[in-house]
Amino acid sequence: MRNIAIIGSGSWGVALAIHLAKLENNIKIWSYSEEEANQINQYRKCKFLPNVVLPENISCSLDFENVVWGSDLVLHVTPSKFVRNTVKEYKCYVTNQPVLMCSKGFEQDTMYTLVDVLKEEMPFAKTGVLSGPSHAEEVSIGIPTAIVIGTQHESVKELVTNTFMNENMRVYSSIDVKGIELGGALKNIIAFCAGIAAGIGLGDNTFAALITRGLVEIKRLGIKMGANEDTFYGLTGLGDLIVTCLSQHSRNRNAGFLIGKGNSLSYVKEKIGMTIESVDNIDVAKRLSDKYKVEMPIVNAVYDVLNNHLEPERAVKLLMTRTPKSE
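Quick note, the sequence shown lines up with residues 624 to 950 if you use the numbering used here.
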């Protein structure tokens, strides 16, 4: 039995808590919301996973010290825009336990990946990233899932593999932390575009082209930023891209679908009711493509739909009529 600290009481944080609790670990979740903490502690419920009853060995607190101090492993699971400020609040309670980034996205001001934020704030800590095609709704009910632990530390790889792996969760490992993070952050933007395509009534041919060419864009930028090309054909690249583009559970796809149906962004945010990482990170993706001089027409199209009032149907036409080239 291990003591696991989870920073964030959203759907993914709670799904990880449920999985680890079933493996007889002691789980403490930190939440910023007293309402969410009370739901977990008193009613064994999470509002984002309404059909699941939480095991008794999960508790929730608003106190960082109570959650982090004495833990064997810290999982950070907040929206990307809150990562740095949240880490600043709990890093004084981190001693020698590893800290894993389980969120996907970028930091706006610096354009850092989220593990880079961890490293800057906690240079003394052993860090890593946990990623892969893993919807919270399915992990929380034990549907078989494969994930990847990305870390430079052999001891962290062994700890995470031993802690997480059972018949419902297979754990692979990689040292390509940058590639894993870029795959996880950028696939949300392609999934948003897939939702738009569904919203305006396009078909399977379109989705196949979008996923394939979207992967090309992710790979192009990733290689320029120092990632391993092979990573983008694995679980945290192609695997995560497929599940996020095609699944009913994907909030990024669902947000794009609502935009495709003609709804305003403010309405979409209210309707989804949770963080939409594609919307929060599209500006960074565009700036990174410009910085590294990488051609990313799908990313640019999503950027223009969200920021420059480009009509979705017009965006599709512009993508389809670009200058011919070899694949």
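Note that the Cβ used here is the ideal one computed from N, Cα and C, for glycine as well.
Asked: Identity of the residue in ILE905, LYS711 and MET919 nearest THR835 by Cα; Found: MET919
Asked: Alpha-carbon spacing of LYS847 relative to ASP853, whole angstroms; Found: 14 Å
Asked: First through last residue of the beta strand (DSSP E) which encompasses VAL722; Found: 722-724
Asked: Beta-carbon proximity of ALA628 to VAL717, cut-off 7 Å; Found: no
Asked: Cβ contact (3+ pairs, closer than 8 Å) linking the stretch 766-778 and the stretch 885-900; Found: no
Asked: Secondary structure, alpha helix (DSSP H): runs of 4+ residues fully inside the stretch 762-838; Found: 777-787 and 800-822
Asked: Inter-residue CB distance, CYS816 and VAL925 (contact presumed, cutoff 8 Å); Found: 5 Å
Asked: Inside the stretch 673-715 only - beta strand (DSSP E) runs reaching at least 3 residues; Found: 681-684 and 696-699
Asked: Three-state class that DSSP yields for ASN626 in the structure shown; Found: strand
Asked: Span of the alpha helix (DSSP H) around THR867; Found: 863-869
Asked: Identity of the residues DSSP links to LEU952 by a beta bridge; Found: Here the chain has residues from 624 to 950 only, and residue 952 is not among them.
Asked: Outcome for CYS715 when other beta-carbon atoms lying within 10 angstroms are tallied against a minimum of 16; Found: exposed
Asked: Whole-angstrom distance between ARG876 and VAL840, CA atom to CA atom; Found: Inspection of the sequence shows that residue 840 is occupied by Glu rather than by Val. C-alpha separation (whole angstroms): 18 Å.
Asked: 7 Å Cβ cutoff met for ARG625 and THR786; Found: yes
Asked: Distance between VAL866 and ALA821 (C-alpha atoms, nearest Å); Found: 15 Å
Asked: ASN904, DSSP secondary structure in three states; Found: helix
Asked: Under the three-state DSSP convention, the category ASN649 falls into; Found: strand
Asked: Per DSSP, the bridge partner or partners of THR736; Found: PHE729
Asked: Candidates ASP739, THR736 and LEU685, of which the one nearest ALA713 by Cα; Found: Looking at the sequence shown, residue 713 is not Ala but Tyr. Of ASP739, THR736 and LEU685, the residue nearest in Cα terms is LEU685.
Asked: Within 7 Å, strictly: CB atoms of ARG874 and ILE905; Found: no
Asked: Rounded separation between MET788 and LEU643 - CA only; Found: 9 Å
Asked: Of the listed residues LYS914, GLY728, TYR666 and LEU639, nearest to ARG843 (C-alpha basis); Found: LYS914
Asked: Span separating the alpha-carbon of GLN662 from that of MET734; Found: 35 Å
Asked: VAL752 versus GLU761, TYR795, ASN719 and ILE921, residue with shortest Cα-Cα distance; Found: TYR795
Asked: Pairwise C-alpha distance: MET897 and GLU659; Found: 14 Å
Asked: Inter-residue Cα distance where the pair is VAL771 and MET724; Found: 12 Å
Asked: SER656, buried or exposed, once every other Cβ within 10 Å from all chains shown has been counted against 16; Found: exposed
Asked: Inter-residue spacing [alpha-carbon to alpha-carbon] between VAL740 and GLN871; Found: 31 Å
Asked: Proximity of GLU744 and VAL710 at Cβ, strictly below 7 Å; Found: yes
Asked: Reference THR736, options PRO756, THR784, LEU805 and SER757, closest by Cα; Found: LEU805
Asked: Classification of LYS948 by the beta-carbon crowding that lies within 10 angstroms, buried from 16 upward; Found: exposed
Asked: Whether THR768 touches SER754 by CB criterion (7 Å); Found: no
Asked: First and last residue of the uninterrupted alpha helix (DSSP H) at GLU936; Found: 935-943
Asked: Residue burial classification, ASP863 (beta-carbon count within 10 angstroms, cutoff 16); Found: buried
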